[in-house]
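Chemist:
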Amino acid sequence: MTLAILNSFRHDIGNKLDGKSVLVTGGTGSFGRQFIRTILDNYAVERLIVFSRDEQKHFEMQRDFPEHKFKAIRYFLGDVRDLDRLNRAFKGVDVVIHAAAQKHVPLAEYNPTECLHTNVWGAENVVRAALDNNVQAVVALSTDKAVNPVNLYGASKLAAEKVFVAANNIAGRAQTRFSVVRYGNVVGSKGSVVPFYQQMLNQGTDHLPITDPRMTRFWITLQQGVDFVLSSYAMMRGGEIFIPKIPSMRITDLASCLAPNLPHKVIGIRPGEKLHEVMVSEEEARTTRELTDRYLVYPALSFWTQADMPADAKEVPEDFRYASDSNDWWLSDAELLSMISRTQL
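Residues 68 to 412 (the working numbering) make up the sequence shown, in order.
Okay, structure coming up:
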């Protein structure tokens, strides 16, 4: 398998977004900015609402995407913890992409209640506001860390996944549908290892820190993540968890690729950190189906039938496990550098 398959994430979603009002929570973050840029470049939406609590990032985005130039864009200060503010923002909205989260593992370990308020209660607020305002579709972003979690961030995202899947049961006669996208580490996102290493290299470091030489991770670019979310939105029925087929890489190989001549210094695993990441567990295998470019964990919902499954969906083995250490697709140095070159760091 090669990086070429990732181009298939950009499925033609036709006019599913044209004329719609679209809101992205966490819209000033790494994913949100790339999502906004992609929508403005490719779709004729009626409104594009950036919802975020970070005033400074709003200010910076307004300089890049000014309202006098991009007539559809709106900037809405607000926090997913605030249900009243969400209800105000969701009025007249057709599609919500929920990207807001607290996602730094060590900080979540030290500040557990703050993580829960945003990632779990914030998810519940998004569900309530979506139902109260007759939003058509909500796609929530999750993480590989939600599978068999060992840290609070992962546990909070597992809880959020459950909240969004179950929301389809409580929708009643409302037309609102909720689905989840779960994927791995994003090359170039704020707080990830690639920009961290590059900053160290720019400062003239004489080594690169490695938490554990055995560590592996899944990798995806921001644009691939955006395209995967959009293609999942186009095919969602409600209640599914979509997982992309993406490559793995050892952290030692990544460090060696970025700085072939620098030694590594092992510093130990941080609190709540895993050696390897899992995106589909053995327990989920019974309800997982394989497509050409993704896996689909289908829901145990009354309205879901075999007819709702994509025609090309195939069963996976009962003991199937999709993990970064046993993945059959490994990034080469050239592929990693290609991914980085296509990412705005």
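No residue lacks a Cβ here, since even glycine has one placed at the ideal position from N, Cα and C.
Return the Cβ separation of Y300 and V162 in integer angstroms, given the expectation that the two are a contact with Cβ distance under 8 Å.
Modeler: So it is a contact: roughly 7 Å between Cβ atoms.
Chemist: Apart from the five residues just before and just after T410, which ones in its own chain have a Cβ nearer than 7 Å to its Cβ?
Modeler: Excluding residues within five positions, the ones whose Cβ falls inside 7 Å are V254, G255, T288, L289.
Chemist: What are the start and end residues of each continuous alpha helix (DSSP H) run of 4 or more residues lying completely inside the stretch 145 to 222, in chain order?
Modeler: Here the runs fully enclosed are 150 to 156, 172 to 177, 179 to 183, 189 to 199.
Chemist: Need the endpoints of the beta strand (DSSP E) that L115 sits in, please.
Modeler: Looking at the DSSP string, the run of the beta strand (DSSP E) that includes L115 is 114 to 119.
Chemist: For Y177, count neighbouring Cβ atoms within 10 angstroms of its own Cβ and tell me buried if that reaches 16, exposed if not.
Modeler: When all chains shown are included, Y177 counts as exposed.
Chemist: Of the residues N218, K83, T354, L404, which one's Cα is nearest the Cα of L325?
Modeler: It is L404 whose Cα lies nearest to the Cα of L325.
Chemist: Between L368 and N235, which are expected to be in contact by the criterion C-beta below 8 Å, what is the C-beta distance as a whole number of angstroms?
Modeler: Rounded, the Cβ-Cβ distance is 6 Å, consistent with contact.
Chemist: Does DSSP put V232 in a helix, in a strand, or in coil?
Modeler: Helix.
Chemist: Please identify the residue among G99, T210, E344 whose C-alpha is closest to the C-alpha of I116.
Modeler: Cα-wise, what sits closest to I116 is G99.
Chemist: Looking only at its own chain, which residues have a Cβ that is under 6 Å from the Cβ of G59, when we skip the five neighbours before and after it?
Modeler: Lying before the first or after the last residue shown, residue 59 is absent from the chain, which here runs from 68 to 412.
Chemist: Where do the N-terminal and C-terminal ends of the alpha helix (DSSP H) with I407 fall, by residue?
Modeler: Taken as a continuous stretch (DSSP letters only), the alpha helix (DSSP H) holding I407 covers 400 to 408.
Chemist: Label K381 either buried or exposed according to how many other C-beta atoms from any shown protein chain fall within 10 Å of its C-beta, with 16 as the threshold for buried.
Modeler: Looking at its Cβ environment, which holds fewer than 16 other Cβ atoms inside 10 Å, K381 is exposed.
Chemist: Pull up the distance between the alpha-carbon of Q203 and that of R244, whole angstroms please.
Modeler: Approximately 6 Å, taken between the alpha carbons.
Chemist: Going by CA-CA distance only, name the one from N269, V205, F137, F126 that's closest to L144.
Modeler: Here the closest residue by C-alpha is F126.
Chemist: Per the DSSP calculation, S369 is bridged to which residue(s)?
Modeler: Beta-bridge pairing links S369 to no other residue.
Chemist: Who pairs with F309 in a beta bridge, going by DSSP?
Modeler: In DSSP, F309 forms a bridge with V248, L363.
Chemist: Where does H125 sit, in a helix, a strand or coil, going by DSSP?
Modeler: Helix.
Chemist: Quick one: measure Cβ to Cβ for L225 and V193, integer angstroms, because I've assumed they're closer than 8 Å.
Modeler: Rounded, the Cβ-Cβ distance is 16 Å, inconsistent with contact.
Chemist: Between which two residues does the beta strand (DSSP E) holding V333 run?
Modeler: Per DSSP, V333 belongs to the beta strand (DSSP E) from 331 to 333.
Chemist: Using the Cα positions of P276 and A390, report the straight-line distance between them to the nearest angstrom.
Modeler: Answer to the nearest angstrom: the Cα atoms are 24 Å apart.
Chemist: If you run the structure through DSSP and keep just helix, strand and coil, what is K224?
Modeler: The answer is helix: DSSP assigns K224 an H, G or I state.
Chemist: How far does the alpha helix (DSSP H) with S298 in it reach, from first residue to last?
Modeler: Where S298 is concerned, the enclosing alpha helix (DSSP H) stretches over 289 to 302.
Chemist: Comparing alpha-carbon positions, which option in A167, L150, E113 lies nearest R141?
Modeler: When only C-alpha atoms are compared, the closest one is E113.
Chemist: Just curious, the alpha helix (DSSP H) that T319 is in, first and last residue?
Modeler: 318 to 325 is the span of the alpha helix (DSSP H), which, as asked, contains T319.
Chemist: Under 8 Å, do I336 and D392 count as touching if we go by C-beta distance?
Modeler: The answer is no: Cβ separation not under 8 Å.
Chemist: Any heavy atom of the ligand SAH within a distance shorter than 7 Å of the CB on E228?
Modeler: The model on display carries no ligand, and the ligand SAH is accordingly not part of it.
Chemist: In the DSSP assignment, find the unbroken beta strand (DSSP E) run with S97 in it and report its ends.
Modeler: Taken as a continuous stretch (DSSP letters only), S97 belongs to no beta strand (DSSP E), being part of the alpha helix (DSSP H) at 97 to 109.
Chemist: Which partner residues of F263 appear in the DSSP bridge assignment?
Modeler: Its beta-bridge partners do not exist; DSSP assigns none.
Chemist: What do you get for L70, buried or exposed, if any count of 16 or more other CB atoms within 10 angstroms of its CB means buried?
Modeler: Note that L70 scores 47 on pLDDT, short of 50, meaning its location in the model is unreliable and no value can be drawn from it.
Chemist: Please state whether DSSP places L268 in a helix, a strand or coil.
Modeler: Of the three classes helix, strand and coil, the one that applies to L268 here is helix, per DSSP.
Chemist: Taking V89 as part of the beta strand (DSSP E), name the residues at either end of that continuous run.
Modeler: Run containing V89: 88 to 92, per the beta strand (DSSP E) assignment.
Chemist: First and last residue of the beta strand (DSSP E) that includes E134?
Modeler: Segment: none, E134 is in no beta strand (DSSP E) and carries neither H nor E.
Chemist: Does the beta-carbon distance from A156 to L84 come in below 8 Å?
Modeler: Taking 8 Å as the Cβ cut-off, A156 and L84 do not qualify as a contacting pair.
Chemist: Tell me the DSSP secondary structure of T283 in three-state form.
Modeler: Strand.
Chemist: Is A167 buried or exposed, if buried means 16 or more other CB atoms sit within 10 Å of its CB?
Modeler: By the 10 Å Cβ count, A167 comes out buried.
Chemist: Determine the direct distance from the alpha carbon of S259 to that of A322, and round the result to whole angstroms.
Modeler: When rounded, the distance between both Cα atoms is 13 Å.
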